[in-house]
Structures are given as structure tokens and as C-alpha cells.
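Chains A and B are the protein sequences, given in the same order.
Heads up: the first sequence begins at 8 in the numbering used here, then just goes up one per residue.
Heads up: the second sequence begins at 8 in the numbering used here, then just goes up one per residue.
Glycine included, each C-beta is placed from N, C-alpha and C at the ideal position.
Just below is one structure, and these are the notes that go with it.
Protein chains: 2
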Amino acid sequence: MIPEALISSIRSLISLSEDEVDVIGRLFKKRDLKKSEFFLADGQVCKYAGFIEKGLVRYYINADGEEKTYEFGQEHNFVCNYESFLPQTPSTKIIQALEDCALWQISHADLQVFYQSVSGGERFGRMVIEQVFVQLLKALTSLYTDSPENRYQKLLSEHPDLLQRVSQYHIASYVGVKPQSLSRIRKRIFSSK
Amino acid sequence: MIPEALISSIRSLISLSEDEVDVIGRLFKKRDLKKSEFFLADGQVCKYAGFIEKGLVRYYINADGEEKTYEFGQEHNFVCNYESFLPQTPSTKIIQALEDCALWQISHADLQVFYQSVSGGERFGRMVIEQVFVQLLKALTSLYTDSPENRYQKLLSEHPDLLQRVSQYHIASYVGVKPQSLSRIRKRIFSSK
Numbered sequence: 008m009i010p011e012a013l014i015s016s017i018r019s020l021i022s023l024s025e026d027e028v029d030v031i032g033r034l035f036k037k038r039d040l041k042k043s044e045f046f047l048a049d050g051q052v053c054k055y056a057g058f059i060e061k062g063l064v065r066y067y068i069n070a071d072g073e074e075k076t077y078e079f080g081q082e083h084n085f086v087c088n089y090e091s092f093l094p095q096t097p098s099t100k101i102i103q104a105l106e107d108c109a110l111w112q113i114s115h116a117d118l119q120v121f122y123q124s125v126s127g128g129e130r131f132g133r134m135v136i137e138q139v140f141v142q143l144l145k146a147l148t149s150l151y152t153d154s155p156e157n158r159y160q161k162l163l164s165e166h167p168d169l170l171q172r173v174s175q176y177h178i179a180s181y182v183g184v185k186p187q188s189l190s191r192i193r194k195r196i197f198s199s200k
Numbered sequence: 008m009i010p011e012a013l014i015s016s017i018r019s020l021i022s023l024s025e026d027e028v029d030v031i032g033r034l035f036k037k038r039d040l041k042k043s044e045f046f047l048a049d050g051q052v053c054k055y056a057g058f059i060e061k062g063l064v065r066y067y068i069n070a071d072g073e074e075k076t077y078e079f080g081q082e083h084n085f086v087c088n089y090e091s092f093l094p095q096t097p098s099t100k101i102i103q104a105l106e107d108c109a110l111w112q113i114s115h116a117d118l119q120v121f122y123q124s125v126s127g128g129e130r131f132g133r134m135v136i137e138q139v140f141v142q143l144l145k146a147l148t149s150l151y152t153d154s155p156e157n158r159y160q161k162l163l164s165e166h167p168d169l170l171q172r173v174s175q176y177h178i179a180s181y182v183g184v185k186p187q188s189l190s191r192i193r194k195r196i197f198s199s200k
């Protein structure tokens, strides 16, 4: 059964009739990912947009062998690399499960069915892509322009919960330093408080 | 009178009745920009999305006093910094006219009227933002990861017309080098052909 949280998440943007809820229930399919499996591997076309019922993923770029984590996704977030999904071209970004995940995903073709058969479907699509757009630009701009200290501070204030769930290794990759430098940053921040 | 090219550009994505064309004609207002005036200045909220009837603009970031041009827009392109326009927050990007421009612009509030009063309006909005999203990510990724040579080569193959219209100063800023280095790149490329 499609999770109530997915329907609520859609209903937070548009209204849905019971018939439309049934249609949506048939368009999204369950997919489980084990920890460290890929939702989207390097060079693959992103064929699905998913909704995270349970679990945690990270988004990263493989820059000449160095992994740059630029975003995390968790319960009740949508997960997708729209840059690959929208034009259906190979992805330069990678999405990996950091915990066992329960996802509900919709294919690119079925999303077009959603747009056509749900009365507010196009509106929902527009608003989601607008949100993703603004959020991704912030994430990428920060990746390229913020200092490691700044990135750690922002993570601390915006996602304190993630610090408990994500390994030091992946937090260091997000912050943009080696794991040993991360502990220096933590010391500086916490001793100045 | 709203230009036929703007209506055609919308009709390339959705169908429009004559009544809807009239509505659109009232929502878009004319705006002229002189060469080097700003469509959007640093720190301003981007209040309008525009359609370029005539002219040329550049998009750039001011990074500690150094201007990084990451995109150009010309006739029959839409012009907007959606990152600021969508959430109506101050812009970190700047949009400047490189030639005298004739624009037709719609305010954020009137765009919501467009979405509600044009039957395919939401669909149009979704598709435009999808295109902008994919294009902007390409532009920003290239800015941060491509070599100056690569960027010049791409500009040469994708927008040969722009090389005639844009000053060497702004091309150098787009490529990511000082103007004197640009002539070295040009020499290398053209002597190896």
C-alpha cells in the first residue's frame, strides 16, 4: 500500500479526489534499497523519481575519484536527479542509500500519465520542480563557494538530526574536508561557543 | 503590441485560444533597457520574468569583485533569475544588457494569474522551468569544472553568432580568463585546425 505520507505530501500542494488517489497508488511502485546500494549510479539515466518512506540517501559527484557530497535526502523527501531524469540523459551525479531504504518510485513515462490524469498534476509538477530548483542551486552554490566551517555550521543548524545518522566520513565529504580535518573544525566550533 | 514571437514561443509548448492570447497581451508589459543597464542588479529581488524581443544580456556572479559570466540570453529567450524570482528572495546573480534591449516582462503576481487563467498555463510553467533547470545546471557545472579552452570551444560550436556580438572582455569573463589569455587560447585553437 502506498504510504499515507506520500499522499499527504502531494495534498500539501494540490487537492486530490479519491479516484486520483487510486490512480497515484497504481503509478508508484515499491522499491527497497539496502544500505550502500545505489538509487542512481554514475553514468546511468535516472529513470525514476522516488518518495522516501523510510531511510536516508546522499547525493554526490565523483570528481576525479574524489567524492563530493552535496545533499542528503530523508523520510518524506522526494529523491531524484532531475538533471538526468527530465531530459532522460546519463547522470553525472550519484545517489546512494546510507541506510536501508523503503522507497516508492514513479517512472518518467508514468509521471506523464500522472500529469494528464490528475487535475492538479501539472501544477504539482511545476511547484515541486520549482522547490527542487531553488534548493539544488543553494546546495551547489554552497558546495563551490562556502568554507568548510560554514558548511558544517549550516548542517548543524539546519539538519542537527542528520549529524546523528550520518557517518563522520560522509559528513567530512559534505563539508569538503578529510575526516581528520573535520574533528579540528568541530573542536574550533564547539570551543568557541 | 506584444510580439508574435512571444506568443509563438508559448504556443510551441501549449495551445492558446484567442481569448488567452488577449489575456497574455495584458499581463506582459514592455520594458526597454539601454546597453549596460541591469535587468537585475546584485542583491535585488528578481520581480519579473522577461522575454527578449531584441537584444542581448549576460548573467554573471560577482565573486569577491571578480565577475564570472556564466550565461548569455538573446532574442526570443526568456530572461529571469528563477533562483531569486521563484522564492522572491534577493539575487546573488546579476543580469545586464550587453546591447540595447526590447523586453516584455511579467511580474511574479501576474504569472500566477497566467497560471490560473490560461488552460495549459501550469503545463507551460512546468516545462519552461524544467528546461531552465537543465540548462542552468549545465552552465554552472561547466563554469566550475570545464577548462577555459573547453568553454571557448563550446561557445564556438554552440553560439558562433555570439562571438560576433559580445566584446572580448565579456567573452574572456565567460571563458574564465583575463582578456590577454583569451587571445592565446584563440591562437592555440585556430592554429591547430
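Indicate whether at least one CB of chain A lies closer than 8 Å to the CB of residue i.
| i | result |
| --- | --- |
| residue 197/B | no |
| residue 101/B | no |
| residue 94/B | yes |
| residue 18/B | no |
| residue 133/B | yes |
| residue 151/B | yes |
From what residue to what residue does the alpha helix (DSSP H) around residue i run?
| i | result |
| --- | --- |
| residue 188/B | 186 to 198 |
| residue 117/B | 115 to 124 |
| residue 144/B | 128 to 152 |
| residue 62/A | First-last for residue 62/A: undefined, no H or E at that position. |
| residue 90/A | 89 to 92 |
Tell me the DSSP secondary structure of residue i in three-state form.
| i | result |
| --- | --- |
| residue 161/A | helix |
| residue 12/A | helix |
| residue 42/A | coil |
| residue 173/A | coil |
| residue 82/A | coil |
| residue 57/A | strand |
| residue 48/B | coil |
For residue i and chain B, any beta-carbon pair shorter than 8 Å?
| i | result |
| --- | --- |
| residue 79/A | no |
| residue 140/A | yes |
| residue 57/A | no |
| residue 72/A | no |
| residue 136/A | yes |
| residue 7/A | Residue 7/A lies beyond the range of chain A shown here (8 to 200); nothing can be said about it. |
| residue 144/A | yes |
| residue 129/A | yes |
| residue 90/A | yes |
| residue 147/A | yes |
Please classify residue i: is it buried, with 16 or more other beta-carbons within 10 angstroms of its beta-carbon, or exposed?
| i | result |
| --- | --- |
| residue 143/A | buried |
| residue 134/A | buried |
| residue 89/B | buried |
| residue 121/A | buried |
| residue 156/B | exposed |
| residue 170/B | exposed |
| residue 67/B | buried |
| residue 176/B | exposed |
| residue 44/B | exposed |
| residue 95/A | exposed |
| residue 232/B | Absent from the model: residue 232/B. The displayed extent of chain B is 8 to 200, so no value can be given. |
| residue 123/B | exposed |
| residue 132/A | buried |
| residue 158/B | buried |
Can you tell which of the options has the C-alpha that lies nearest to the C-alpha of residue i?
| i | options | result |
| --- | --- | --- |
| residue 10/B | 53/B, 45/B, 59/B | 59/B |
| residue 154/B | 137/B, 181/B, 38/B | 181/B |
| residue 38/B | 19/B, 63/B, 25/B, 109/B | 109/B |
| residue 61/A | 76/A, 71/A, 41/A, 73/A | 41/A |
| residue 28/B | 125/B, 161/B, 159/B, 118/B | 125/B |
| residue 77/B | 193/B, 197/B, 150/B, 174/B | 150/B |
| residue 55/B | 118/B, 75/B, 196/B | 118/B |
| residue 75/A | 101/A, 82/A, 191/A | 101/A |
| residue 65/B | 84/B, 112/B, 186/B | 84/B |
| residue 160/A | 91/A, 106/A, 183/A, 26/A | 183/A |
| residue 50/A | 164/A, 185/A, 98/A | 98/A |
| residue 82/B | 190/B, 166/B, 194/B, 187/B | 166/B |
| residue 173/A | 147/A, 23/A, 103/A | 103/A |
| residue 47/B | 32/B, 16/B, 69/B | 69/B |
| residue 178/A | 25/A, 105/A, 36/A | 105/A |
Taking 7 Å as the cut-off, does the CB of residue i come closer than this to any heavy atom belonging to the ligand SAH?
| i | result |
| --- | --- |
| residue 168/A | With respect to small molecules bound, the structure shown includes none, and the ligand SAH cannot be examined in it. |
Under 8 Å, Cβ to Cβ, is there at least one residue of chain D near residue i?
| i | result |
| --- | --- |
| residue 183/B | Going by chain labels, chain D is absent from the structure shown, which instead holds the protein chains A and B. |
Start and end of the beta strand (DSSP E) containing residue i?
| i | result |
| --- | --- |
| residue 21/B | Careful: residue 21/B lies outside any beta strand (DSSP E) and carries neither H nor E. |
| residue 104/A | 100 to 104 |
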